[in-house]
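Asker: Numbering (our numbering), first residue to last: 22 to 320.
1) Report all residues from its chain with a CB closer than 7 angstroms to the CB of residue 141; omit the five preceding and five following residues, and keep chain order.
2) Going by DSSP in three states, residue 196 sits in which element: helix, strand or coil?
3) Run through DSSP, which three-state label would residue 65 get?
4) Do residue 215 and residue 146 have their beta-carbon atoms positioned less than 8 angstroms apart in this structure?
5) Kindly list the residues whose CB is nearer than 7 angstroms to the CB of residue 314, restricted to its own chain and excluding five residues on each side of it in sequence; keep chain order.
6) Given a cut-off of 8 angstroms on the beta-carbon distance, is the pair residue 92 and residue 118 in contact?
7) Whole angstroms is fine: what's the gap from residue 72's alpha carbon to residue 99's?
8) Just checking my contact of residue 226 with residue 158 at CB under 8 angstroms: how many whole Å lie between their CB atoms?
9) Could you compute how far the alpha carbon of residue 132 sits from the alpha carbon of residue 282?
10) Along the chain, where does the alpha helix (DSSP H) containing residue 49 start, and where does it finish?
11) Shortest alpha-carbon distance to residue 94 belongs to which of 82, 194, 110?
12) How long is the line joining the alpha carbons of residue 248 and residue 302, rounded to whole angstroms?
13) Which residue or residues does DSSP assign as beta-bridge partners of residue 86?
If you want it as structure tokens, here you go:
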């Protein structure tokens, strides 16, 4: 029975839906856990443990290492082995982050699914302006340690210039920096905020939603979970669908396909989620046209 190594930050309980999505993808290629494939789960409660856990899976000589929903886990696995196939799903451009040589022909032992979430900054700005049409000054929050932050900011600046709006960029590399960024954001009198895609902000989503509510700042986030945690609005790829596709790719590798020849898939399912409860608390009336386009409305 082949063994798949499953490597992710975090812990099993809050990520049960992602495990289920991965199993669903495996099932679509004919693999059922416990019947004809085994899965060794490794959960790094913080990113620091990822290299150690990746090395552990290499020692076990698993057939494939899957890193669903985590670019950091994929990078750790790639550092640990150049021979065991690795299937990832995650944000950002995998060529820019160094995971693969090209999108069409990855070339090494790594392939997978990219959300390309950083490319959606312009779309999120458009949605935010539709929700807060009187906003003149928009803020963007990014992690300066993220290699994709600069490209993300450039895209958002261009989109803002096209609609005659100003952009203020704030940075946060730690949880404490997030508090500082909100203080500065208020000093600059920003009317609305876009939170960039970054693992730090994923782990601090409750802190971000709480600060935005406390300071009455309308904000848009990259992922559904952000809106479910109290954020006003989110727009981005479906993480569960990305992980399901990673499960399918893992099954195809088990059947003998080579990662070097498997083109990187791109997200095809995107979700707009609006938290009406948060909108009401902020005194915002969500336009009916925006509500009609939402995939989910949280009341």
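All residues carry an ideal CB built from backbone N, CA and C; glycine is no exception.
Answerer: With the structure as the only source:
1) For residue 141, same chain residues with a beta-carbon under 7 angstroms away, outside a window of 5 residues either side, are 256, 257 in chain order.
2) helix
3) strand
4) Between residue 146 and residue 215, the CB-CB gap stays under 8 angstroms.
5) Answer for residue 314: 293, listed in chain order.
6) yes
7) 9 angstroms
8) The distance from the Cβ of residue 226 to that of residue 158 is about 24 angstroms, inconsistent with a contact at the 8 angstroms cut-off.
9) 9 angstroms
10) 37 to 49
11) 110
12) 14 angstroms
13) In the DSSP assignment, residue 86 forms a beta bridge with 26, 107.
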